[in-house]
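Final position of the sequence shown in our numbering is 346; the numbers increase by one with none missing.
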Amino acid sequence: MKDGLPVVSGSNSPWHPRLWKLAHGRSLELGPVGHLMAIINVTPDSFSDGGRHAARDTAVAHALYCAREGAAILDIGGESTRPGAVEVTAAEEQDRVLPVIETLVAETDALISIDTYRAETARLAVAAGAHIVNDVHGLQREPEIADVAAKAGAGVCIMHTGRGREKLADHIEDQHFFLRQSLEIARGAGIEEEAIVLDPGFGFAKDGHDDLVLMARFAELHELGFPLLAGTSRKRFIGAVTGREKADERDVGTAATTAILRLAGAAIFRVHDVASSRDALRMADAVLAAGAGTGEGDGN
47 MKDGLPVVSG SNSPWHPRLW KLAHGRSLEL GPVGHLMAII NVTPDSFSDG GRHAARDTAV
107 AHALYCAREG AAILDIGGES TRPGAVEVTA AEEQDRVLPV IETLVAETDA LISIDTYRAE
167 TARLAVAAGA HIVNDVHGLQ REPEIADVAA KAGAGVCIMH TGRGREKLAD HIEDQHFFLR
227 QSLEIARGAG IEEEAIVLDP GFGFAKDGHD DLVLMARFAE LHELGFPLLA GTSRKRFIGA
287 VTGREKADER DVGTAATTAI LRLAGAAIFR VHDVASSRDA LRMADAVLAA GAGTGEGDGN
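Structure below.
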């Protein structure tokens, strides 16, 4: 331990190269540089950009723009996860996302992620060409989704959430409690460890103080032993700190969290605005590389 945080080095370091195994024979190297996952909401009611990309053509155009701007992953979602959002049917969700995925697979080499907790939507999305299943319920709402991912060899993003349950008082203990249950589901289904990325779920049943504490203690999550994804983009806690009431005015604040969490070892960053977080990520990676070159970074 150093200053209350775990010291992670060598092959266990979050900056050490490791391949994330994905569907359709694809993979992504995590560790030496951070990667951006662009949020593509094919919805009328998402908290930040609802309605802007609800049609297939506008969603595809925006996704391709994000890929050109530097997003390695395009995360396609057909149901808003904001608090109070109206739940859609599986058929509605699939009608929104499948045409977008099918088009993108034909037009870009970027990796495609399906943002869903439904097993059938995941199955159809991967069959349409998606490489990653991103489940905001951590495989616990429809555990069959783990079987779908395992059978397809898909990469899996397992997110922590506090919604619908009593949380433990300590932020990191609750992360471990929830995510270890999710990991048991994943292992039981046969998902390979090399296919798993964990997401601490910023903003999901967490107030602004919770999110800041989670950022401050982020490095402790490496004890779980998996690469980490950070999804802070335009969240309310950024608005509370910066005074930006409108979600789409929080990209500079989001970029700051990208740099901070990259230095804390996050591997992937789920963002609305690719360009600002791309530049922040490049600066953080340059600092990490300089530290490794002097023998003072975690890459030695």
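Here a beta-carbon is modelled for each residue, glycine too, at the ideal position from N, C-alpha and C.
Which residues in the same chain as Glu-125 place their Cβ atom closer than 6 Å to its Cβ, once the five residues preceding and following it in sequence are excluded? Excluding sequence neighbours, Glu-125 sits near Val-134, Glu-139.
Span of the alpha helix (DSSP H), counted from its first residue to its last, around Gly-234: Taken as a continuous stretch (DSSP letters only), the alpha helix (DSSP H) holding Gly-234 covers 217 to 235.
Nonlocal neighbours in the same chain, by C-beta distance under 8 Å from Val-298, ignoring five residues either side: Take Val-298, set aside five residues on each side of it, and the residues of its chain with a beta-carbon closer than 8 Å to its own are Thr-288, Ser-322, in chain order.
Could you check what DSSP says for Leu-214 in three-state terms: helix, strand or coil? Coil, per DSSP.
When the Cα of Ala-171 is compared with those of Ala-156, Val-194, Leu-144, which residue comes out closest? Looking only at Ala-156, Val-194, Leu-144, the smallest Cα-Cα distance to Ala-171 is reached by Leu-144.
State the DSSP-derived secondary structure class of Asp-256, mapped to helix, strand or coil. Annotated three-state conformation of Asp-256 is helix, per DSSP.
Classify Gly-123 as helix, strand or coil using the three-state DSSP reduction. Three-state result, Gly-123: strand.
Name the two residues that bound the continuous alpha helix (DSSP H) containing Glu-190. 190 to 198 is the span of the alpha helix (DSSP H), which, as asked, contains Glu-190.
Any idea if His-255 is buried or exposed, counting beta-carbon neighbours within 10 angstroms, 16 or more meaning buried? That one is exposed.
Val-182 versus Ala-276, Pro-60, Thr-162, residue with shortest Cα-Cα distance: Ranking Ala-276, Pro-60, Thr-162 by Cα distance to Val-182 puts Thr-162 first.
In three-state DSSP terms, what is Glu-238? Note: Glu-238 maps to coil in three-state DSSP.
So the alpha helix (DSSP H) Asp-155 belongs to, where does it begin and stop? No alpha helix (DSSP H) holds Asp-155; DSSP gives it neither H nor E.
Beta-carbon proximity check, Gly-247 vs Thr-304, cutoff 8 Å: No, the pair does not count as a contact, with Cβ atoms beyond the cut-off.
Measuring CA to CA, which of His-70, Gly-71, Leu-76, Arg-72 is closest to Leu-244? Minimum Cα distance to Leu-244 is reached at Leu-76.
Ala-265 to Arg-142 span [Cα, whole Å]: If you take the alpha carbons of Ala-265 and Arg-142, they lie about 37 Å apart.
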